[in-house]
Amino acid sequence: MFTIRPYRQNDHDAVYDICLKTGNSGRGAEHLYDDPMLLGHLYAGPYITIEPNTAFILDNGQKPCGYILGAKESKSFYKKMLNDWLIPLREKYKKPSSEENEWTKDEQIIHQIFHPETPRVFPKYPSHLHIDLLPIAQGKGLGNNMMDHFMKYLIKQGSTGVHLGLGIKNKRAFYFYKKYGMTELERDDDTIYMGLKL
Ligand SMILES: CC(C)(COP(=O)(O)OP(=O)(O)OC[C@H]1O[C@@H](n2cnc3c(N)ncnc32)[C@H](O)[C@@H]1OP(=O)(O)O)[C@@H](O)C(=O)NCCC(=O)NCCS
Numbered sequence: 001m002f003t004i005r006p007y008r009q010n011d012h013d014a015v016y017d018i019c020l021k022t023g024n025s026g027r028g029a030e031h032l033y034d035d036p037m038l039l040g041h042l043y044a045g046p047y048i049t050i051e052p053n054t055a056f057i058l059d060n061g062q063k064p065c066g067y068i069l070g071a072k073e074s075k076s077f078y079k080k081m082l083n084d085w086l087i088p089l090r091e092k093y094k095k096p097s098s099e100e101n102e103w104t105k106d107e108q109i110i111h112q113i114f115h116p117e118t119p120r121v122f123p124k125y126p127s128h129l130h131i132d133l134l135p136i137a138q139g140k141g142l143g144n145n146m147m148d149h150f151m152k153y154l155i156k157q158g159s160t161g162v163h164l165g166l167g168i169k170n171k172r173a174f175y176f177y178k179k180y181g182m183t184e185l186e187r188d189d190d191t192i193y194m195g196l197k198l
């Protein structure tokens, strides 16, 4: 029996774990990283730290099996992410010293901690989200329920639109979002951006 509930502080490690177990175009990324926290530091930690009220957990009664995280106002969120999250996080890591083409997966993420790409913002879709479910929760329509829950929350908060970015190789996620009613806004070599008016 799955339920959707607000994020709690003691979900922190489970959220990081889900991020790693779905961080390879929707599949497990455990084998790709030596430091199991790195992916979470970039894609989960900022949300549950800066905007924990905009984070929801899919719980099967025993443990978190998925999450939907995001920001109500992406532009101000990214400012806080840089100042309150990434800059302090730099104290834990050393900039990679080797040439870019020799970087390990860990070093690629560490580089992004020191030199984050300027995030895309879409003024007509000011909020954004990340959703990840563990394999035991996938394919059951629960992703739709999580999205509905999140959209209701955003509408209550006064948001007028939401966007997200997904890896170009993640075909399942692309069709899932399309079926949910999201439209493609833009794409580059790595990422497809999709949006939904609220
Ligand atoms: C992507 C994800 C959120 C989808 O949630 P889900 O609950 O597993 O979604 P479902 O497989 O139940 O599919 C929901 C709908 O999308 C449709 N869909 C899913 N995959 C599809 C595909 N490859 N082609 C066409 N439609 C597809 C389903 O038909 C279903 O519609 P229906 O309910 O009307 O039949 C979830 O699988 C997940 O977290 N995956 C791993 C992490 C990930 O990739 N996150 C997204 C990162 S951008």
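Take the sequence shown: its letters are residues 1 to 198, numbered as in this note's numbering. For glycine and all other residues, C-beta sits at the position ideal for the given N, C-alpha and C.
Residue pairing by DSSP places N24 opposite R27 in a beta bridge. Within 10 angstroms of the beta-carbon of L82 lie fewer than 16 other beta-carbons, which makes it exposed. The closest heavy atom of ligand 1 lies less than 7 Å from the beta carbon of K140.
Spatial neighbours of I18 in its own chain (CB-CB distance under 7 Å, excluding positions within 5 residues in sequence) are listed in chain order as P64, G66, Y67, D132, L134. Sequence-distant partners of Y177 (beyond 5 residues in either direction) whose C-beta falls short of 8 Å from its own C-beta, in its chain, are L164, L166, M194. Per DSSP, G143 is one residue of the alpha helix (DSSP H) stretching across 142 to 156. For R172, there is no enclosing beta strand (DSSP E); the residue is part of the alpha helix (DSSP H) that begins and ends at 171 to 180. When C-alpha distances from L39 are compared across I109, R8, F2, the shortest belongs to I109.
In the structure shown, D59 adopts extended strand secondary structure according to DSSP, grouped into three states.
Contact between P126 and G161 holds: their C-beta atoms lie close to 6 Å from each other, under 8 Å.
Annotated three-state conformation of L134 is coil, per DSSP.
Beta-bridge analysis with DSSP links T3 to D59.
Around the beta-carbon of H41, 16 or more other beta-carbon atoms lie within 10 Å, marking it buried.
R90 has no beta-bridge partner at all, per DSSP. The continuous beta strand (DSSP E) containing P64 extends over residues 64 to 71. Going by DSSP, L42 is part of no beta strand (DSSP E) but of the alpha helix (DSSP H) stretching over 38 to 43. Of the candidates Y180, E184, K169, the residue whose Cα lies closest to the Cα of R27 is K169. Taking 8 Å as the cut-off, the Cβ atoms of F2 and D59 count as close.
S159 counts as buried, since no fewer than 16 other beta carbons sit within 10 angstroms of its beta carbon.
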